[in-house]
Structure formats: C-alpha cells, structure tokens
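For reference, the structure discussed in these notes is given below.
Protein chains: 2
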Amino acid sequence: MTRKNRPNKGLTYAQAGVDIDAGDRTVDRITAHLRRTYGPRVLGRDGAFAGCFRLDYNERLFKRNYKDPVLIACTDGVGTKVLLAVQMGIHDTIGQDCVAMNVNDMIVQGAEPLFFLDYVGVHRVIPEQMEQIVKGVADGCQLAGCALIGGETAEMPDVYKPGDYDLAGFAVGVCELKRVIDGQRVEPGDIIIGLTSSGIHSNGYTLVRAILKHAKLNLDKVYPDLEDTRPLGRVLLEPTRIYARQVVSVLRSYKRKRPIGGMAHITGGGLPGNVNRALHSSVDAKIHKKAWQIPPLFKFLQRQGKVDEQEMFRVFNMGVGYTLIVRPHFTEAIMEKLRKAGEQPFVLGRITRGTGRVVLS
Amino acid sequence: MTRKNRPNKGLTYAQAGVDIDAGDRTVDRITAHLRRTYGPRVLGRDGAFAGCFRLDYNERLFKRNYKDPVLIACTDGVGTKVLLAVQMGIHDTIGQDCVAMNVNDMIVQGAEPLFFLDYVGVHRVIPEQMEQIVKGVADGCQLAGCALIGGETAEMPDVYKPGDYDLAGFAVGVCELKRVIDGQRVEPGDIIIGLTSSGIHSNGYTLVRAILKHAKLNLDKVYPDLEDTRPLGRVLLEPTRIYARQVVSVLRSYKRKRPIGGMAHITGGGLPGNVNRALHSSVDAKIHKKAWQIPPLFKFLQRQGKVDEQEMFRVFNMGVGYTLIVRPHFTEAIMEKLRKAGEQPFVLGRITRGTGRVVLS
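Right, dumping it as structure tokens:
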C-alpha cells in the first residue's frame, strides 16, 4: 500500500508526523551494520520481535565455561554530547560513546560483554543520519566484542526538536558467580592503576556547553592551548574509549588467582565519585593528582570557564577513564598485560585503611 | 560538599543545569520500588555499576532447567503516549506501558522474562515525578514477573522541553534453545487465538493526538460514545496489558509437545503488520474482522478523525493485543488455560497456504 496521494481526506499516520516508510528504509540501511557485529552465538531472523543470543557457542562449551552464570546488565545514554554531534553534523561516532558508557560499566563487575541494543528517540527519521548513528554503535560493539542484536528508533516529532535526538543503550554480559568483582576484596596496600581517557568521554557536556557559551568559544577553531591540530568541536567529539577487550583479556589471564579487587569506570562524579564505588567501608583510595598529566583539554576548559578545580574533578575524568585496584604483587604483571593490549597504564595511588572515601591530594 | 552558596564565580555543573543532588534524592526514592521486584536471583549491591542477575536460583536448578540457554532481549519505548501522560499530569502508569512493550515482544519468542532496565531522558529531574515513573515500571515488572535491576535518568535540559521526558526500556529473558518459537512450525489449518487489549496500548499516539486536535476533543470530558465512565484522557492513558504470566504459564504446561507455532504482539502496524512476523513464507493468516467486537474507543477515534478503516487497522490494535497460532487439536485446551489465567481468548481466524501475508476480511 502506497502512503502517497491517498484518496480520502481523513487523517493518516503519515500526516500526523510518523513516516513508517522512512523507518523501513532505515532498517534496510542499518541491517548490514548489525550483521558485522554478529558471531555464531546470534540467532538471526528478519522481523523477529526480539534478539536471540546463545549463552555459548554450543552446549558442551557452555557447560565447560559456566557452572553458575550471572548476567550483568546496564543502561546508559550519552547525555548532551548528542547536542554537540548535532551542532557539528557528525553522527557516526556518538554510537561508540553509547556503547562505551555501557560496556565500561559492565566490565567493572568482571563481566564479558555479550550483546548490546540501542534506543534512538528522534524528531524525524532521516535514514542517512540514522545509518550514521547505528554505524557508530556497530563500531563500538566491534571494539567491545559484543553483538548488536536489536534496537529501536522512535520518531517523536513533538518531543524532540527538529534535528535533535537522544541515544541510549543497553548492554548484557556474563560472569561466573564466583568471579563477580564487587570491591569486597580490596585491601590496604592495594595499588590503583589508571587507564587514559580519550578526552571528555560522555559526561559533563552540559558544563562543557556552558563553558563554550560563557567564553564564546568557536567549535570550528583550532586553539593552540589544546595542543591538537583539530578544531575544538572535533576534539570535544572524540569518542569514549572502550576498555572491554583489554580488561577482559587481563581477567581471563588469571584463571585461579584473583589479583583484581575492584574496578571503576570514571563517569559523572569523576574520580572521587566513582573510585569509591569500588571500595568497601573500611578502606580509602589515596590518589595523587601528580601521578598523571592532566590533558590540555581539561586545563583549557577549566581556564575558559573559571571552573573551581574541585568541581573539575567532580564533573570530568581529568584524563583517567578507568581504574583497576590490584594486589601490589601483581601490579607490574598486570600493567605489562595492559601495555601489550595497547594501554598506557600508570599508578594513580594506593588503598589505605579508611571509611570508603577517595582522597585526592 | 554542599553545592549552594559556593564562594567563587566560576561555572558549576549545577549552574549549567544539572542538579546532581536531585538525582541522588531520586535514587533514594526509587530504591524501594526496585527492591519489591527483586527475587533471590538478583545480586543486589548499592552503588554497583551494573545489575547482576543469576540465571537460576542455584547451580543445581540451573543445570536441571537449561541445557543450552538462549537469551532473548529487546528494547522499546512508549512513543508519544508520554506526552499524554505529561498533559494529564499522571506519571504512575506509563512505566507499565514501557514494561509491556518490551516484555510482550520478548515472550513472542518463547522466553520467560528475567529482568528489566529503564532509561528516562528528562528536562529536569523532579524526584516526585521520577518516583511516579519508576513506580509504574516496578508495577509492570511485578505483573510480568521480572526484576527491575537497573535504570538511568539523564537530565538534559537542552534536549527535552520543560515537563517533558522520554521513557525507554530494555528486557532480557531466557529460553531453552530447542523451545525458541520462530514461526517456522506454523502450518495450514492452525488456529489464530486473540487476546484482548486494554485500549490503544502504546502505539499510534501521534495519530491519536492529531485526532484530538482535529476534532477539538476534550481530555477531561466523559464522551458517552466511549461507553466508559472515565474522561477521555484517562481512557487513553489506560496502561498496556502485560501478557507474560499467562503466556508463560501456557508454554510451561507443555513440557514435550509444542502446540504453539507462532505468536505476535500487536504493536505499530496493527494486526496486518505484526501477525505476519509470526509466519513463514508459505502460509497466510486469514483473520475475520467480525470475530471480535472492536471496542468503542477505536470506533470513536475513527469517526472523530475520519480515518480510513484500513489505516485504523494498520496503526491500532483494534482491540486485539496479542495473538497465538496453535495446532487445531489444542485450541480448546489452550483457550481454557488462558481463561483460567484470567484472559478472554477468542478465535480470530486460521492459517492457510499462502505467501506470508495477513488477509483481513
């Protein structure tokens, strides 16, 4: 049934603002992106109501790998980083941010990512734009080693402004019950390892945009203070790093020993508001601000917005995107494994007796 | 650190429009709602980065119940039904809609719901409003028999208009591989059973709102044509029915036999756009429009909007929220089980040889 030139004068769904055909065209465009994330565990079927994912490649492997599997799931969005993507007209990286925000949260508990689903709320479906968004999600899923088994695009012209959209994601992983990491095993003397962030990641963009406005900054301009050849807007849109493969490979390399007591993904709340989530109530995390170089972007934003340093550390990751709390004896071995996986890990500080707080000094 | 009366004049996150404390107050309010959905399979921990859910109560039970488990996952929102909730100032039922949209999709594949997560994008976090939204989500989870193990509230004042929000959800269930329902076993002669909807459910609200505007309808008015004592707005906000417990109980009652070949959740696209998703390419579904009484609400909206009947059937569920395609020999037994579970099932039509189409007559 064509939806154009309809004979009667009654209301149709298309006139009311929802274009089902544009939705169908979008599905055609994004299917290839979904498929490149599929492994043999995905049970694919066109038109299915839900995505299906086998917990292991086959029954025999599954029984060998899991005695008491725990599913680990989280949901997160990319915050107002989408507004920057819209302003710059660059839509193919925000999907990686969305995957990163979820997958980095999930691996904190010791999980291996299995699959991902995305939700896009949008003013109007523009198939080309939607393809770019989903391409980024699929890129992120490939980086994280998980399958993109579903998603939803909701066209809501009266909720979202023209050109605007919101992007949220959902990730599921699995971990054997005995190996779930919950911070209870963190001990005084443990070492805190930090992994570098690629920039702002996906938290604090409402403050970033306030600073842009306050200091009348130009997204298209190259600022020498940034020590980057790209214009400010591009630097700010740099996608969030995904730590999944690196962290999972370290976890897998210790089959019996459990040298990692806790981990944290540094999101809204910064180091003080996230490393504490990896502690129990009788230890503190002592972090030395001089342990790493704060990237020029954060110093630039702090200066331009005259933002208090404490506020900077509470809102932004300040260059540290992920932390691992490890037994001192294993520190060098774990750092070497991380280096081999492409990271540049550094010692941020150590665990002391305390009350579950993060002490920055 | 208090966020008020800060001494310096630099920008803070709160001034930029994000109130972290309101977020914290919201977490306090919603925790009780999450907890009432928990069963023994939820591994709860405050401040965790992700929700953790054991696949069975214990290792022994897990091995007895699953040989080759398949995870079944989906994501969906509630569309512009949120705008109606906002307009009416009623926020404690839209969460059930959100759970329903996801869980009803998932059970179509034969899954038992395990857990749910919600995502709320909002102009500004109002703890009382957020509690109402999450209360509805928790109600829906209890109806569906799944745990609400996580969620995200994203405050985005520059994306959402004051008072507005968007609500999406994500559900995961499990099904033994051999029992996944994919429509491949549907045969000519099979019977199509329909289950009643509670109203519009959560699709087509953009058209509903266009009709409201076109016909200058009043949400606060009781229209005799609706055959309902409640005002129009309340009738339109009636939450989506959740078919999970009923359908799962029927599926569980057939341990060896597999009398159900396909199922469909009737969402956007109506009967013709959803029952086809339960078919393979060599059968048709013949549905008789006279097999059930179209509820007064649909006739009222059709008349008020002068909407073509075909368009009505393509956009709305027309009173049928869920369908099951069953072997003829089992029809009466399955209908009796559904009746015992509180449903009023009816025969909608039957399967014939064909090309994967739905034929309404």
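Here the protein sequences come in this chain order: U and X. Residue numbers 284 to 644, in this note's numbering, belong to the letters of the first sequence in order. Residue numbers 284 to 644, in this note's numbering, belong to the letters of the second sequence in order. Positions of the beta carbon are idealized from the N, C-alpha and C atoms, including for glycine.
When the alpha-carbon of H497 of chain U is set against those of U:E592, U:G552, U:Q585, the nearest one is in U:Q585. Under a criterion of Cβ atoms nearer than 9 Å, no residue of chain U is adjacent to G482 of chain X; the nearest Cβ is some 18 Å distant.
Along the segment 390 to 411 of chain U, the positions whose C-beta sits under 8 Å from a C-beta of chain X are V391, Q392, A394, L397, F398, L400, D401, Y402, G404, read in chain order. By alpha-carbon distance to P542 of chain X, the top candidate from X:G551, X:T614, X:R347 is X:T614. Per DSSP, the continuous beta strand (DSSP E) segment holding H548 of chain U begins and ends at 543 to 548. Proximity of the segment 365 to 374 of chain U to the segment 517 to 536 of chain U meets the contact definition, three or more beta-carbon pairs being nearer than 8 Å. Following the DSSP letters along the chain, one finds L431 of chain U in no alpha helix (DSSP H) but inside the beta strand (DSSP E) bounded by residues 430 to 438. For the pair F399 of chain U and C357 of chain U, the CB atoms are not nearer than the 8 Å cut-off. Chain X places no beta carbon closer than 8 Å to that of I474 of chain U, leaving this residue out of the contacts. A Cβ of chain U is located within less than 8 Å of the beta carbon of I432 of chain X. Exposure of S564 of chain X is indicated by the presence of fewer than 16 other C-beta atoms within 10 angstroms of its C-beta. Between Q529 of chain U and E626 of chain U a beta carbon distance of about 6 Å is seen, short of the 8 Å cut, so the two are scored as contacting. Looking at the DSSP output, D359 of chain U shares a beta bridge with U:G452. When C-alpha distances from R312 of chain U are compared across U:G544, U:I617, U:V417, U:R492, the shortest belongs to U:V417. Only exposed fits L344 of chain U, as fewer than 16 other CB atoms lie within 10 angstroms of its CB. In the DSSP annotation of this structure, the continuous segment of the alpha helix (DSSP H) that includes A368 of chain X starts and ends at 364 to 371. Scanning the segment 458 to 498 of chain U for uninterrupted alpha helix (DSSP H) segments of 4 residues or longer gives 488 to 497, listed from N- to C-terminal end.
Between L354 of chain X and chain U, the shortest Cβ-Cβ separation is below 8 Å. Less than 8 Å divides the Cβ of V641 of chain X from the Cβ of V558 of chain X.
Contact of T358 of chain U with chain X by beta-carbon distance below 8 Å involves L400, D401, Y402, G433, G434, E435, F453. Residue-level contact check: T314 of chain U does not touch chain X, since none of the beta carbons of chain X fall below 8 Å from its beta carbon. Cα atoms of P578 of chain X and Y605 of chain X: separation of roughly 15 Å, rounded to the nearest angstrom.
Assigned with DSSP and collapsed to three states, A331 of chain U falls in coil, not helix or strand.
Put simply, the segment 382 to 401 of chain X does not touch the segment 437 to 449 of chain X. Fewer than three CB pairs are less than 8 Å apart. Within chain X, R337 have C-beta atoms less than 7 Å from the C-beta of L460 of chain U, given in sequence order. Between the segment 468 to 478 of chain X and the segment 629 to 636 of chain X there are three or more C-beta pairs closer than 8 Å, enough to call the two in contact. Taken in chain order, the whole beta strand (DSSP E) runs of length 3 or more contained in the segment 544 to 627 of chain U are 566 to 570, 603 to 609.
Excluding its 5 nearest sequence neighbours in each direction, G553 of chain X has C-beta neighbours in its own chain below 7 Å: F596, R597, V598, F599, N600, M601, listed in chain order. Closest by C-alpha distance to A561 of chain U, out of U:T550, U:Q576, U:G544, U:V505, is U:G544.
DSSP places G632 of chain X inside the beta strand (DSSP E), whose first and last residues are 629 to 636.
A check of alpha carbon separations from G434 of chain U across U:V420, U:D567, U:G637, U:L643 identifies U:V420 as the nearest. A Cβ-Cβ contact shorter than 8 Å links G404 of chain X with D449 of chain U.
Secondary structure of G446 of chain X (DSSP, three-state): coil. For I377 of chain U, the closest C-alpha among the options U:E510, U:G466, U:Q415 is that of U:Q415.
In the DSSP assignment, G378 of chain U falls within the unbroken alpha helix (DSSP H) covering 377 to 390. Inter-residue distance for V408 of chain X and H612 of chain X is about 54 Å (C-alpha atoms, whole angstroms).
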